[in-house]
Amino acid sequence: MAVSVAKILLDLSKLEPLDGTNYKRCSQKLLIFFEQLDMDYVLFQNLPKTPTEVSTLAITAAETSITGTIAKFEDEAKLKYDRDNKIVRGHLLNHMNNSLFNLFLNYRIAKEIWTTLETRYRGDDIERKKYVVGKWLQFQMIDEKPNGPNP
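So this is what it looks like as structure tokens:
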């Protein structure tokens with residue numbers, strides 16, 4: 273008896289478009305979605321290299337079948353990476369506002385889009401935290417100021 277297990281995926285239609293101010297929330301939701309699809313590796317790994325050419329003179333009959341299997345496996349891995357990259361890139365572009373979409377439209381690799389967004393907007397988050405902590409450290413309570421209108 274074959275049992276099919278359906279994955280429960282996030283509903284990304286409710287996700288507000290990435291505009292820079294909501295980077296942390298949007299990136300985490302997209303990352304969770306890509307992890308559920310087992311495509312998150314595209315955001316962190318480089319494009320696989322093409323198999324190196326091996327001289328046919330150096331290959332014996334026994335090695336031919338092994339190298340053929342390895343080359344076939346590498347080709348399948350590259351095809352899977354290309355397909356997953358296309359899907360992840362499409363989702364990233366789909367969940368951006370128009371100005372960011374126009375900016376990243378020419379990027380062909382999802383990892384480049386992800387690292388550029390992370391470099392640009394993660395730094396803003398760090399600067400905001402520094403600002404908030406600085407203001408908190410400067411906070412002083414003063415008893416002399418009245419809280420409400422004077423009677």
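Counting from 273, one number per residue, gives the positions in the sequence shown under this note's numbering. A virtual CB, placed ideally from N, CA and C, is assigned to each residue, including glycine. These numbers come from a predicted model, not from an experiment.
Buried/exposed call for residue i, threshold 16 Cβ in 10 Å
{"i": "Y403", "result": "exposed"}
{"i": "W408", "result": "exposed"}
{"i": "A349", "result": "exposed"}
{"i": "F306", "result": "buried"}
{"i": "L351", "result": "exposed"}
{"i": "V405", "result": "exposed"}
{"i": "I385", "result": "buried"}
{"i": "S285", "result": "exposed"}
{"i": "S299", "result": "buried"}
{"i": "L303", "result": "exposed"}
{"i": "R394", "result": "exposed"}
{"i": "L372", "result": "buried"}
{"i": "T328", "result": "Caution is warranted here: a pLDDT of 40 is assigned to T328, below 50, making its placement in the model unreliable, and no coordinate value can be reported."}
Whole-Å CB distance - residue i paired with residue j, under 8 Å assumed
{"i": "L377", "j": "L389", "result": "That belief does not hold up - the Cβ atoms of L377 and L389 are roughly 14 Å apart, past 8 Å."}
{"i": "L287", "j": "M368", "result": "Their Cβ separation, rounded to whole angstroms, is 11 Å, which puts L287 and M368 out of contact at 8 Å."}
From the options, residue whose alpha carbon lies closest to that of residue i
{"i": "E316", "options": "R400, T387, R394 and F411", "result": "According to the sequence provided, residue 316 is Phe. The question's Glu does not apply to it. Nearest C-alpha to F316: T387."}
{"i": "R400", "options": "N294, R361, E288 and K286", "result": "N294"}
{"i": "G292", "options": "D347, T391, S285 and F345", "result": "T391"}
{"i": "M347", "options": "V360, L372, R361 and K321", "result": "Per the sequence shown, residue 347 should be read as Asp rather than Met. It is K321."}
{"i": "L319", "options": "L372, R380, K344 and M368", "result": "R380"}
{"i": "G362", "options": "K383, F345 and K344", "result": "K383"}
{"i": "V314", "options": "F345, V360, E416 and Q410", "result": "V360"}
Near the ligand FMN: residue i beta-carbon under 7 Å from a heavy atom
{"i": "K301", "result": "The ligand FMN is absent from the structure shown, which contains no ligands of any kind."}
Problem set entry | At least 3 beta-carbon pairs within less than 8 Å: the region 306-324 vs the region 353-360 | Two segments are said to touch when three or more pairs of C-beta atoms, one from each, lie closer than 8 Å; by this definition the region 306-324 touches the region 353-360.
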